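K.L.:
So in UniProt numbering, spot 1 of the sequence shown is number 1, and the numbers just go up one at a time. What follows is a structure written as structure tokens; I'll ask about it next.
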Amino acid sequence: MLYQCVYIHLLKHTDIRAADRSLFFRKDCLGLHCASAQRWTATTTNEPLYFHFPSTDALNTWMSLLRSYASPEVYGKAISPADGGLYRIWRQVELTCVQGRNIGTVQILDEGPHNSVGPPDDEAKDDDAVDLDLFCEVYFNNVLSGRTVVKKSLGAPDWHETFTFADLPSFEKLAVVLWHEKKFMKPSLIGTVYVTLTNFRRGECIEGWFPVLHGASTSSSIQVGQIRLKIKVDEEIILPRSAYTGIMNTLDSRNYLDWMRDIELELKMKHLSIELVSIAVAKDILSQSVSELADREVDAHNTLFRGNTVFTKTVELLMAWYGKDFLDASIGDTIRRICAESISIEVDPLRSSKGVKDIERNVELLVHWCRQIWNQIYSVRTECPNEMRRLFERIRQLVEQRYKVTRNSEDRNRELPWQSVSAFCFLRFIVPAILHPHLFGLCPGLPDVPVQRSLTLIAKVIQSLANLNAVVQKEEFMRGVQSFLEDSLPAMVDYILVVSTTSPHDNPASASEESRERHKAVKVLQERVEAMPALYRESIPLLPYLLDIPRHLAVITSAVLRYSRESPSLHHPPLEEFLSRCIDIEQQALFRVSSLVERGGMDQVPPSSQSNYMGSPLTPHISGDQTPSRLRKPSHSSRPMTAPPVTSDSADSREIITDSHFPQSHNLVHTRGQSNSQVNISGGPISPIDQALEGGSWPIRKRLPPSHPRSISTDSIPAFNKARIIPPIDRPSSPTIAAHSHEEDNGRRKNKGILRGFLVRK
């Protein structure tokens, strides 16, 4: 029986995106965010559809394949048909729910906007805090996107959960809804944090206390606590890859790790390391770059396994990139069992008030869980990715050459190559994941304090084993695990040798059925992207890691340009050349946006013009009295301010209305009035949603009058210097663009005046 049929050709790339693991407490889920006009179903619904895949590779493959039938957010198709458009837009939000305070403490607020970041409230009294089981739900544009774990606290829960929402549509609203978990009852609403994302400067991390509000009357709001949030909003204009040829040539002129070191030391931008690593991975030169840097560090008589150098940081990024599944297979299940069962271990007599027998039982419990974790780690040693194996093998060989280690060497020197490998594999990868599993995606949220102590003790034992040291010298209470260490040392040496030896079997002869189906999908995807224009082809991320080289370059360019506007001049020749390339990209992007504005809003491609490369949709059979007439006429959603004004000739007929409300399972109540937002809260039953909100309005909140001009949708094109001359695009793909490059000065000054108000934040 056919339950639903989704018209993929009516969707956009932003409608097809990975779901956060917290929604279903499982990874590798894909969400299709389609309205009723974009699907056929027995009942009218706008709820997203979610699909679970057996592996991350399968998820990435099918997401890319589905996007090849959908439409990217591309602007300027009529102006630059050869490239498929002038530019595309990418958005991402990183949100960390850090902690709450004074939850349940009521405070009356004056009338006014309540989405600003505030300092600590001196008048709040912790004595009034209530013991509650609390969790948060995150909504983007009224769509449930993530949730935290339940934390029990006296009004001050600690979550420390980070959510990364990538490939988002045009966003305006973020709501963090706080709930009270009750046994044998539905959760009750505490309040909501409202954040206007358009007010955030792009690329900058903002952290502060945000008020949790619920309504008490039509003229005021009640604050029932605060939540500390850390928010970073990214929104980038991405040009065709050909526009980044200059900056790519500059990057390729040196080792990528040298660029990473210079950017970290000179520009103080550590967050760009992941972008550089992503480009190196996409070009398949990361392992080569790491090996070259390792050779230099050894020649400089630096030990490879001490200190925090660019090399060690890069190795950490490489292990996190290639070894995510390997890490989960090594310790994931055991760590989740420890957290779920709330295993509490304490073997230090100074920390425990229990007797000697209880301490001895705790030592036995510690040894039991250490053995559980070590057995699982050892059992999957052959699953170590070859990228990590090649790196570890190179490190081991370099140390052997540096210290002239042979079989006849002293035991201490003979162990140096093994310790150099374990220092990376354990000290910088496996052991930190045991200590902080929530940071590595092994468990949702920060573990409870007793569990954290248990994990700390386990991590100490595993690290001692990785150091090939069976003698416990520092802490007397840890001597009970010495027999476990002595018994496990031979297995640890074998483990190190296996993970530091390249496997000859990259592609197993007997592939699984899932793998064969995935390879078929990859083949179909390759055939489809070959016929697409440049911007459409580049909007499909590269498998298997969903890499997008133009996007990574756009993020780097925007960050470097922001630094150049706020910091003194550079005195570093390579970085000066790099900055010059970034300025060239800025000018090209500005020229493309101005060209689009002058053409009067010819932006996104209507479906009819995509038939040559987007494929023909299959229309499902509609039975009974269900006819296509029930598909309502689409209307326009919010658009980024970099998009030109919508006219009758440029309207995108595929944009449709979506219901803007929370899932009805939560039974929120919407109220309306003439001033501040109101939320109906009670501990008892809450009536269901009575009506959908007006388009673009807050969930369970009335619209506030604007207090300041709307921010631009992207900072990837900053304010330009008047002395700069905007060059033409490297490869003009239409006579229109070529004509714009020869306009008179008066017309250009007029164009600049328009764009200054269009692109620059006041």
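The beta-carbon is built from N, C-alpha and C at its ideal position, and this holds for glycine as well. Since we're looking at a predicted model, the values are computed, not measured.
Would you mind reading off the limits of the beta strand (DSSP E) that contains V138?
P.N.:
Unbroken beta strand (DSSP E) run through V138: D131 to F140.
K.L.:
Of all the alpha helix (DSSP H) runs that stay within the bounds of the region 480-543, which reach a length of 4 or more residues?
P.N.:
The qualifying runs are 482-499, 513-530 and 534-538.
K.L.:
Reducing DSSP to helix, strand and coil, say where D284 ends up.
P.N.:
If DSSP states are grouped into helix, strand and coil, D284 belongs with coil.
K.L.:
Run through the region 41-72 for me and flag every whole alpha helix (DSSP H) of 4 or more residues, listed as ranges in chain order.
P.N.:
For the region 41-72, whole alpha helix (DSSP H) runs of length 4 or above, ordered along the chain, are 56-67.
K.L.:
Restricting to Cα atoms, I'd like to know which of R67, R528, S454 and I377 is closest to D167.
P.N.:
Considering only alpha carbons, the answer is R67.
K.L.:
What is the rounded straight-line gap between the Cα of L154 and the Cα of S273?
P.N.:
Their backbone Cα atoms lie some 39 Å apart in a straight line.
K.L.:
Could you give the DSSP three-state label for S420: helix, strand or coil?
P.N.:
In the structure shown, S420 sits in a helix (DSSP, three-state: H, G or I).
K.L.:
Could you please give me the residues that DSSP links to E236 through a beta bridge?
P.N.:
BP columns for E236 point to W90.
K.L.:
Could you tell me which of L32, T56 and E316 sits nearest to L543, measuring between CA atoms?
P.N.:
Comparing Cα positions, the closest option is T56.
K.L.:
What first and last residue would you give for the beta strand (DSSP E) that runs through G76?
P.N.:
Careful: G76 lies outside any beta strand (DSSP E) and carries neither H nor E.
K.L.:
Three or more C-beta pairs closer than 8 Å, one from the region 220-236 and one from the region 528-542: is that the case here?
P.N.:
The region 220-236 vs the region 528-542: no contact.
K.L.:
Ignoring anything shorter than 3 residues, give me the beta strand (DSSP E) runs that lie fully in the region 155-180, in order along the chain.
P.N.:
Qualifying beta strand (DSSP E) stretches, in chain order: 158-166 and 173-180.
K.L.:
Evaluate F24 with the Cβ neighbour count: other Cβ atoms within 10 Å of its Cβ, from every protein chain shown; 16 or more gives buried, anything less gives exposed.
P.N.:
With fewer than 16 Cβ atoms within 10 Å of its Cβ, F24 is classed as exposed.
K.L.:
Drop a sphere of 10 angstroms on the beta-carbon of F171, count the other beta-carbons inside from all chains shown, and report buried for 16 or more, exposed for fewer.
P.N.:
Flag for F171 reads buried.
K.L.:
Please report the distance separating the alpha-carbon of L485 from that of K404.
P.N.:
In a straight line, the C-alpha of L485 is about 28 Å away from that of K404.
K.L.:
Who are the Cβ neighbours of V193 in its own chain at under 6 Å, not counting the five residues just before and after it?
P.N.:
So the qualifying residues of the chain are V176, F210, V212 and I227.
K.L.:
Helix, strand or coil for L468, going by three-state DSSP, please let me know.
P.N.:
Of the three classes helix, strand and coil, the one that applies to L468 here is coil, per DSSP.
K.L.:
Name, in chain order, the residues that DSSP records as bridge partners for S188.
P.N.:
Beta-bridge pairing links S188 to H180.
K.L.:
Got a sec, what are the start and stop residues for the beta strand (DSSP E) P18 sits in?
P.N.:
The sequence given here places Ala at residue 18; Pro does not occur at that position. Here the beta strand (DSSP E) through A18 covers I16 to A18.
K.L.:
Return helix, strand or coil for R228, following the three-state DSSP convention.
P.N.:
In this structure, R228 counts as strand in the three-state DSSP scheme.
K.L.:
Sort out for me which residues DSSP pairs P211 with in a bridge.
P.N.:
Paired residues: Q226.
K.L.:
When DSSP labels each residue in this structure, what does Y256 get in the three-state scheme?
P.N.:
Reduced to three states, the DSSP call for Y256 is helix.
K.L.:
Are V481 and S454 closer than 9 Å when you measure CB to CB?
P.N.:
Cβ distance not < 9 Å, so V481 and S454 don't count as in contact.
K.L.:
Whole angstroms is fine: what's the gap from E204's alpha carbon to K232's?
P.N.:
Approximately 6 Å, taken between the alpha carbons.
K.L.:
Out of P568, P169, V421 and Q4, which one is the CA nearest neighbour of V74?
P.N.:
Residue P169 is the option with its Cα nearest to V74.
K.L.:
Given a threshold of 16 other Cβ atoms within 10 Å of its Cβ, counted over all protein chains shown, does L11 qualify as buried or as exposed?
P.N.:
It is buried - the Cβ of L11 has at least 16 other Cβ atoms within 10 Å.
K.L.:
Could you pull the start and end residues of the alpha helix (DSSP H) that Q401 belongs to?
P.N.:
Note, Q401: alpha helix (DSSP H), N386 to R402.
K.L.:
Which partner residues does L547 have in the DSSP bridge list?
P.N.:
Partner(s): L542.
K.L.:
Does DSSP put L590 in a helix, in a strand, or in coil?
P.N.:
If DSSP states are grouped into helix, strand and coil, L590 belongs with the helices.
K.L.:
How many angstroms separate the CA atom of H636 from the CA atom of F165?
P.N.:
With a pLDDT of only 40 at H636, under the threshold of 50, the placement of this residue in the model should not be trusted; the figure read from the coordinates follows. So the alpha carbons of these two residues sit roughly 23 Å apart.
K.L.:
Smallest Cα separation from Y256: which of H572, A280, L547 and Y378?
P.N.:
Measuring from the Cα of Y256, the nearest candidate turns out to be A280.
K.L.:
According to DSSP, is G453 helix, strand or coil?
P.N.:
First, the residue type needs correcting, since residue 453 is Arg and not Gly in the sequence shown. R453: helix per DSSP, three-state reduction.
K.L.:
Are I79 and L596 closer than 9 Å when you measure CB to CB?
P.N.:
Closer than 9 Å, so yes.
K.L.:
For Y194, name the three-state secondary structure that DSSP assigns.
P.N.:
Three-state result, Y194: strand.
K.L.:
Assuming V149 and L95 are in contact, meaning their beta carbons sit under 8 Å apart, how far apart are those beta carbons, in whole angstroms?
P.N.:
V149 to L95, Cβ: 15 Å. No contact.
K.L.:
For the region 258-276 and the region 556-569, state whether three or more C-beta atom pairs, one from each stretch, are separated by less than 8 Å.
P.N.:
Output reads yes: the region 556-569 touches the region 258-276.
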